[in-house]
Amino acid sequence: MKGEEFSGRCLQKICKFGGGGIMAWGCFCWSGVGLLWKVSGYLKTNSYIDILEKALIPSVDLHSLHSGWNFQQDNAPCHKSKGTKQWFGEQKLKVMNWPAQSPDLNPIENFGITFPSEFKRKANPTTQSCGMPY
């Protein structure tokens, strides 16, 4: 029957990406891990810059990375926006060029982070930083 493949009995509901979860921003360097930051909602330029100011900069200080390092990020829209590029320029931080759509090359994708129960306990609406490195 024409169009049968779209009838309810022929379709199965699916949910892409597992149907839920938590999004977090994190960083690491040769000397260890930095802060882990819970991301709430859709990440736009202003919220990304806020995370960089509240988690990246303290992580840089934590590991005494004051020169000779480059920041790596993928090509998400908030990472490549004019505002974000301007912020990195004002901070005098070097950002690596990175190929688009390359999660297999992205070190954080392969880092194997498992979120401890401490993350859930410490992250709340008023305190976005989980107080880690761990």
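Residue 1 is where the sequence shown starts when you use full-length UniProt numbering, and the numbers rise one by one after that. Every residue, glycine too, gets a C-beta built ideally from N, C-alpha and C.
If only complete runs of 4 or more residues are kept, the UniProt domain "Tc1-like transposase DDE" (35-111) shows the alpha helix (DSSP H) at 45-51, 57-62, 77-80 and 82-91, in order along the chain. Annotated three-state conformation of C10 is helix, per DSSP. By alpha-carbon distance to A55, the top candidate from S31, K44 and K38 is K38. In the DSSP annotation of this structure, W30 is not part of any beta strand (DSSP E), being labelled neither H nor E. Beta-carbon to beta-carbon, L65 and C29 are separated by about 6 Å, close enough to satisfy the 8 Å threshold. Taken atom to atom, the span from the alpha-carbon of V33 to that of L62 is near 9 Å.
Of the other Cβ atoms in all chains shown, 16 or more fall within 10 Å of the Cβ of S59; this residue is therefore buried. Burial state of L105 is exposed, judged by a 10 Å Cβ sphere holding fewer than 16 other Cβ atoms. Only residues of its own chain outside the window of five on either side were considered, and among them W25 and W37 have a CB closer than 6 Å to the CB of I51, listed in chain order. Within its own chain, the residues whose Cβ lies closer than 6 Å to the Cβ of Q73, once the five positions on either side in sequence are excluded, are H79, listed in chain order. Rounded to the nearest whole angstrom, the CA to CA distance from I22 to G89 is 30 Å.
Inclusion of F71 and L35 in the CB contact set at 8 Å is not warranted, their separation being larger than that value. Annotation: S40 to N97 spans about 27 Å, alpha carbon to alpha carbon.
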